[in-house]
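If you count the sequence shown from 1, you need to add 81 to reach this note's numbering. One structure is given here, and the rest of the page talks about it.
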Amino acid sequence: MYCTRNVTNHIHWVGGSDHRLALFENLFPIPRGVAYNSYVILDEKTALVDTVDASITRQFLENVAHVLNGRPLDYMIINHMEPDHCANIEELVVRYPDVKIVATAKAIQMIRQFYDFDLEGRTIAVKENDTLSLGSHTLHFVTAPMVHWPEVMMTYESSEKVLFSADAFGSFGALDGNLFNDEVNFESEWLEDARRYYSNIVGKYGPQVQAVLKKASGLDISVICPLHGPVWRNNLAWFIDKYDKWSRYEPEEQALVIFYGSIYGNTESAATVLASRLSEAGIRNIKLYDVSSTHVSYLVSEAWRCSHIIFASPTYNMNLYPPMEAAIHDLKALNLQNRTVAVVDNGTWANVAGKNMRAMIGEMKNMTMLDNQLSLASSLKEEQTEQLDQMVEAIVSSFNK
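This is the structure in structure tokens:
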């Protein structure tokens, strides 16, 4: 049975959701599932904008057939060649043998890498500012390399002012019947997943996202149709502002998060005491995360949200505690910058955790490292109250700058 929604009178959502998948890219937990969006434009000519993941092929094909209602498919627009969006290209070519595949030259090369069917005479390579008329609808192609693959483009339909934004402006989370941003409480129910999606999937490529945002600012956009998550048809400026902040590595909030690793609970205890003292000093909405039991994608998302991060870790095997080392490594790999950082370390002998954390963080861009390091010898002691108070004072002062 088909399941489609009208985006406009002529543009139809033909995607679907997967509630069964546990790990997106076999890496990121998605407890709320994920949506794969695809769109059909009906005019004198018909066009499909991207396909979907193989997990929902049957639903997708039924949706496309229903919207086309016996008409041929003239064009297949490929904005992004990642398999969760390109898995049905060959199946569509079999079903609609006269379809023309419209994509960047790089994407056409990737089609050959993923598939073995004959592309001769089937493709139209497009570049920046090329257009394609469907009748009353005209598609304008906007290249978006490394957002977040090199072949990516976005497609802008000028008559209805719709931007098909590829993986940009997407989110983890299945669509439970509600397709549009104004049909859900996005800020309370979706923003965390959208931030986690952006920071982990696209976060490394902030300068490239900034370049695309600059291009998009020159377009009159009424609707944003991403490949994952809700379709945006109002309040676009609010979400675009989030992308602007995230891609400039500007903290979303003046807020504090504490990432701690703890083997037997002593470092956790120190992190908890520190959080309590910071709360007494006026810092609100503090969050603590155990790096051993929290998937790193959530830590990355919180690092993108918060202006201040405290890393608290023990020494382990004469090195940094492995889950903490992995967390900092991911933050560095994703190009996190412009944060204020403090360090708490612990070691029963030969404590090197603080030194190693500072060295790793020091390799990241524009990180302000507070000098007031709190060092534990096995556990936090009463005689360290002054040292603790000095760290609290330094952190509070940094909030007020």
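The beta carbon of each residue, even a glycine, is placed where N, CA and C say it ideally should be. Computed from a prediction, not measured in an experiment: that's the story for all the values here.
Asked: Going by DSSP in three states, histidine 389 sits in which element: helix, strand or coil?; Found: strand
Asked: Taking C-alpha atoms, which residue in Glu232, Glu273 and Thr375 lies nearest to lysine 323?; Found: Glu273
Asked: Per DSSP, aspartate 426 is paired with what?; Found: Ser394 and Ser456
Asked: Would you check if the segment 402 to 417 and the segment 429 to 445 touch, i.e. whether three or more CB-CB distances between them fall below 8 angstroms?; Found: yes
Asked: Using a Cβ-Cβ cutoff of less than 8 angstroms, which residues in the same chain neighbour alanine 255 once the five nearest sequence positions on both sides are dropped?; Found: Ser98, Asp99, His100, Arg113, Gly114, Val115 and Ala116
Asked: I'd like to confirm the pairing. Which residues does DSSP put opposite alanine 184 in its beta bridges?; Found: Ala206
Asked: Between the C-alpha atoms of tyrosine 330 and glutamine 418, what's the straight-line distance to the nearest angstrom?; Found: 6 angstroms
Asked: Note down, in chain order, each residue of its chain lying with its Cβ closer than 8 angstroms to the Cβ of tyrosine 196, except the 5 sequence neighbours on either side.; Found: Ile170 and Glu171
Asked: State the CB to CB distance for the pair histidine 161 and aspartate 131, rounded to an integer number of angstroms; the pair is presumed to be in contact (CB under 8 angstroms).; Found: 7 angstroms
Asked: Rounding to the nearest angstrom, what Cα-Cα distance links serine 460 and alanine 356 in this structure?; Found: 16 angstroms
Asked: Provide the residue span of the alpha helix (DSSP H) that contains histidine 166, from first to last.; Found: 164 to 167
Asked: Buried or exposed for tryptophan 94, going by 16 or more other Cβ atoms inside 10 Å?; Found: buried
Asked: On the CB-based measure, 16 or more other CB atoms within 10 Å of its CB, does arginine 277 come out buried or exposed?; Found: buried
Asked: Answer yes or no: the CB of serine 246 versus the heavy atoms of the ligand MN, is any distance below 6 angstroms?; Found: Absence of the ligand MN is noted for the structure shown, with no ligands found whatsoever.
Asked: Using the rule of at least 16 other Cβ atoms within 10 Å of the residue's Cβ for burial, across every protein chain shown, is serine 214 buried or exposed?; Found: exposed
Asked: Please check the pair serine 373 and proline 404, which I expect to be a contact at CB under 8 angstroms, by giving their CB distance rounded to whole angstroms.; Found: 5 angstroms
Asked: On the DSSP bridge list, what partners appear for threonine 353?; Found: Looking at the DSSP assignment, threonine 353 forms no beta bridge with any residue, so it has no partner.
Asked: Please confirm if methionine 441 has its CB atom under 7 angstroms from at least one CB of chain B.; Found: Structure shown: chain B not included; a single protein chain is present.
Asked: Residues in the same chain with beta-carbon distance under 6 angstroms from alanine 475, minus the five sequence neighbours each way, listed in chain order, please.; Found: Leu451 and Asn453
Asked: What residue range does the beta strand (DSSP E) around glutamine 335 cover?; Found: 334 to 341
Asked: Can you give the Cα-Cα distance for alanine 146 and methionine 82, rounded to whole angstroms?; Found: 11 angstroms
Asked: What would DSSP say about isoleucine 362, mapped onto helix, strand or coil?; Found: Going by the sequence as given, residue 362 is alanine instead of isoleucine. Note: alanine 362 maps to coil in three-state DSSP.
Asked: Compare the C-alpha of glycine 202 against each of Thr185, Val223, Val180 and Thr219 and name the closest.; Found: Val180
Asked: Strictly by DSSP, which residues pair up with aspartate 69?; Found: For the chain, the structure presents residues 82 to 482; residue 69 sits outside this window and is missing.
Asked: As a quick exercise: from Ile122, Leu108, Ile137 and Glu464, pick the residue whose alpha carbon is nearest that of glutamate 241.; Found: Ile122
Asked: Apart from the five residues just before and just after valine 283, which ones in its own chain have a Cβ nearer than 6 angstroms to its Cβ?; Found: His229
Asked: Where does aspartate 199 land, buried or exposed, given buried means 16+ other C-beta within 10 angstroms?; Found: exposed
Asked: For the segment 465 to 480 and the segment 360 to 372, state whether three or more C-beta atom pairs, one from each stretch, are separated by less than 8 angstroms.; Found: yes
Asked: Which residue marks the beginning of the beta strand (DSSP E) containing proline 238, and which one marks its end?; Found: Checking the displayed sequence, the identity of residue 238 turns out to be glutamate instead of proline. Taken as a continuous stretch (DSSP letters only), the beta strand (DSSP E) holding glutamate 238 covers 234 to 238.
Asked: Have a look at the DSSP bridge pairing and note the partners of histidine 221.; Found: Thr212 and Tyr237
Asked: The alpha helix (DSSP H) with tyrosine 324 in it runs from where to where?; Found: 317 to 328
Asked: Considering serine 478, what are the terminal residues of the alpha helix (DSSP H) in which it resides?; Found: 466 to 480
Asked: How big is the Cα-Cα spacing for isoleucine 391 and serine 239?; Found: 47 angstroms
Asked: Within the same chain, show all residues whose beta-carbon is closer than 6 angstroms to that of serine 328, passing over the 5 residues directly before and after it, in chain order.; Found: Gly287, Val290 and Gln291
Asked: So, at 7 angstroms on beta carbons, what are the nonlocal neighbours of glycine 251 in its own chain, with the 5 sequence-adjacent residues on each side left out?; Found: Tyr278, Pro307, Leu308, His309 and Gly310
Asked: Count Cβ pairs between the segment 345 to 356 and the segment 310 to 321 that sit closer than 8 angstroms; are there 3 or more?; Found: no
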